[in-house]
Amino acid sequence: MVIPREGDLVRLYIQLADRDLVTGRVDKSRINDVAATRRVDSGRRSATTP
22 MVIPREGDLV RLYIQLADRD LVTGRVDKSR INDVAATRRV DSGRRSATTP
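What follows is the structure, encoded as structure tokens:
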């Protein structure tokens, strides 16, 4: 989701799918810095591609 901000800036919200299907909560033990960074970057790229 892209949210317009002041001064021609935008805020990007990128949904990550690493959550428990039963509770809907994120399992923080399954997320490491490298993998999470790659998923966020991939989501950012797809959201900003024309």
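Just so you know, our numbering puts the end of the sequence shown at 71, numbered straight through with nothing missing. C-beta atoms are modelled at their ideal positions from N, C-alpha and C, and glycine is treated no differently. Just so we're clear, the structure is a prediction, and the values are computed from it rather than from any experiment.
DSSP, read as helix, strand or coil, puts V61 in helix. Bounds of the beta strand (DSSP E) holding V23 are 23-25. DSSP places V47 outside any beta strand (DSSP E), giving it a letter other than H or E. Taking a contact as a CB-CB distance under 8 angstroms, the pair L33 and R65 counts as one, their CB atoms being some 6 angstroms apart.
Annotation for V31: the continuous beta strand (DSSP E) segment containing it runs 31-33.
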